[in-house]
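Its first residue numbered 171, the sequence shown is counted upward by one per residue in this note's numbering.
No residue lacks a Cβ here, since even glycine has one placed at the ideal position from N, Cα and C.
Bear in mind the structure is a predicted one, so any value in this text is a computation, not a measurement.
Working notes, structure below.
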Amino acid sequence: SGYAFKYLTPVEVIKYQSNAFSTMGGGWKFSYYGSSVNGTSQRIEFDNSDILEANILPWDITQITKFQYNSTTGDTAWFLWGDNVYGAYDNVVIEEYETVSIETDIDVGVYPVYAAITPDGNYVYVANEGPTNEPGTVSVIRTADNTVVATIDVGDGAHYIVFTPNGDYAYVLNEETSYGQSGTVSVIDTASNNVVETIVVGRWPKSLAITPDGDYVYVANTGVTMNDPDTVSVISTASNTVVKTITVGNRPHYIVFT
171 SGYAFKYLTP
181 VEVIKYQSNA
191 FSTMGGGWKF
201 SYYGSSVNGT
211 SQRIEFDNSD
221 ILEANILPWD
231 ITQITKFQYN
241 STTGDTAWFL
251 WGDNVYGAYD
261 NVVIEEYETV
271 SIETDIDVGV
281 YPVYAAITPD
291 GNYVYVANEG
301 PTNEPGTVSV
311 IRTADNTVVA
321 TIDVGDGAHY
331 IVFTPNGDYA
341 YVLNEETSYG
351 QSGTVSVIDT
361 ASNNVVETIV
371 VGRWPKSLAI
381 TPDGDYVYVA
391 NTGVTMNDPD
401 TVSVISTASN
411 TVVKTITVGN
421 RPHYIVFT
């Protein structure tokens, strides 16, 4: 499970460090530090000209698995780690560190590593990798009341989610962590929250991205060994099949579109 903190202050998806975000207009910066970052401090910082340190986490902050922005309106920053998702209500305004607090926690699956919000902002889908060599899951959280309304079984090592522009389908990337096994993409019908297709892609896929028109999903496959091909799988969303495999450079990880 993991944690999510929801703040009234707008946040945009600009990483100025791997562990930090800047708000719209540059008024606030969010960053976290732990032993994995500087070896000593464990804190979350909120910065609007002066550094405000909020020691609000009674847990080992080095266990954070994802620190990311996900919101259609720009009001939510998600922190995922451990076995829960934490979501604070939007009446929390960051004025000084004493006002920052965890308002509620939401239990999700084992080892959540990614969260994505539907285009309409009504649901958050959390990818839970799950135990080693066991199927992962996707937890569906309704943002109106921060309640898990569905848990969907997907492939082993679920860790990335994108939606079609109309929000009708979610594409979940599964690493399939058993040695030598190809990765897969689970296609979820968001109306029923059922998996309607499982698509085999390359070995050890790391990320996926959907084209702006929603017609194709591109998957970056890094491979497991030096002998594995480094490829990008192109999935047609009309047929949910791989229509092309593109050989690229060594160990591709991320994909963006113009």
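- Task: Keeping to the same chain, check which residues put their C-beta closer than 8 Å to that of Gly-196; ignore five residues upstream and five downstream.
- Result: Per-residue confidence for Gly-196 stands at a pLDDT of 43, beneath the threshold of 50, marking its modelled position as unreliable; the derived number appears in the next sentence. Once the five neighbours on either side are set aside, Gly-196 has no close Cβ partner at all.
- When burial is assigned at 16 or more other CB atoms within 10 Å of the CB, is Gly-353 buried or exposed? buried
- Give the straight-line distance between the Cα atoms of Val-318 and Asn-344, rounded to the nearest whole angstrom. Cα to Cα, the separation comes out at about 21 Å.
- Tell me whether Asp-277 sits in a helix, a strand or coil according to DSSP, three-state version. The answer is strand: DSSP assigns Asp-277 an E or B state.
- Task: Just the C-alpha distance for Tyr-339 and Asp-359, rounded to the nearest angstrom, thanks.
- Result: Cα-Cα distance, rounded: 5 Å.
- Query: Terminal residues of the continuous beta strand (DSSP E) containing Ile-425?
  - Reply: Note, Ile-425: premise wrong, no beta strand (DSSP E); not H, not E.
- Leaving aside the five residues before and after Val-413 along the sequence, list all residues of the same chain whose C-beta is less than 6 Å from its C-beta, in chain order. Val-404, Ser-406
- Could you have a look at Glu-304 and say whether DSSP puts it in helix, strand or coil? coil
- Query: Quick one: is Pro-422 buried, meaning 16 or more other Cβ sit within 10 Å of its Cβ, or exposed?
  - Reply: Buried.
- Query: Quick one: what does DSSP say Glu-346 is sitting in, helix, strand or coil?
  - Reply: coil
- Supposed contact pair Gly-337 and Val-324 - C-beta distance, whole angstroms, cut 8 Å: The Cβ separation is near 18 Å, so there is no contact.
- Item | Nearest to Gly-291 (by Cα), restricted to the options Asp-277, Glu-367, Arg-312 | Arg-312
- Message: Could you tell me the alpha carbon to alpha carbon distance between Val-207 and Gly-393, rounded to whole angstroms?
- Response: Note that Val-207 scores 33 on pLDDT, short of 50, meaning its location in the model is unreliable; the coordinates nonetheless yield the value given after this. Rounded to whole angstroms, Val-207 to Gly-393 spans 28 Å at the Cα level.
- Since Val-342 contacts Val-294 with CB under 8 Å, what's their CB separation in whole angstroms? Incorrect: roughly 14 Å between the Cβ atoms, too far for contact.
- Item | Distance between Glu-367 and Thr-395 (C-alpha atoms, nearest Å) | Distance between the alpha carbons of Thr-395 and Glu-367: 28 Å.
- Query: Assuming Ala-379 contacts Phe-427 under a Cβ cut-off of 8 Å, what Cβ separation, rounded to an integer in Å, is found between them?
  - Reply: So it is a contact: roughly 7 Å between Cβ atoms.
- For Arg-312, which beta-bridge partners are listed by DSSP? According to DSSP, which records beta bridges pairwise, Arg-312 is partnered with Tyr-293, Thr-317.
- Enclosing beta strand (DSSP E) for Asp-359 [first to last residue]: Note, Asp-359: beta strand (DSSP E), 352-359.
- Query: Exposed or buried, Ile-416, counting other C-beta atoms within 10 Å across all chains shown (16 or more means buried)?
  - Reply: exposed
- Message: Counting C-beta neighbours from all protein chains within 10 Å, is the total for Thr-302 16 or more, i.e. buried, or is it exposed?
- Response: exposed
- Between the Cα of Asn-517 and those of Val-278, Tyr-386, Ala-390, Tyr-281, spot the shortest distance and give me the residue it belongs to. Past the edges of the chain, shown from 171 to 428, lies residue 517, and the structure says nothing about it.
- Task: On the DSSP bridge assignment, give the partners of Thr-368 in chain order.
- Result: Ser-356
- Task: Note down, in chain order, each residue of its chain lying with its Cβ closer than 7 Å to the Cβ of Tyr-113, except the 5 sequence neighbours on either side.
- Result: The structure shown does not extend to residue 113, since the chain is modelled only from 171 through 428, so no value can be given for it.
- Message: What does the alpha-carbon distance come out to for the pair Val-357 and Val-365?
- Response: In a straight line, the C-alpha of Val-357 is about 5 Å away from that of Val-365.
- Which residues DSSP lists as bridging Ala-340, in chain order: Phe-333, Ile-358
- Task: Give every residue of the same chain whose Cβ lies closer than 8 Å to the Cβ of Asp-385, excluding the five residues on either side of it in the sequence, and list them in chain order.
- Result: Ser-406, Thr-407, Ala-408
- DSSP-derived helix/strand/coil call for Pro-382: Here Pro-382 sits in coil by DSSP.
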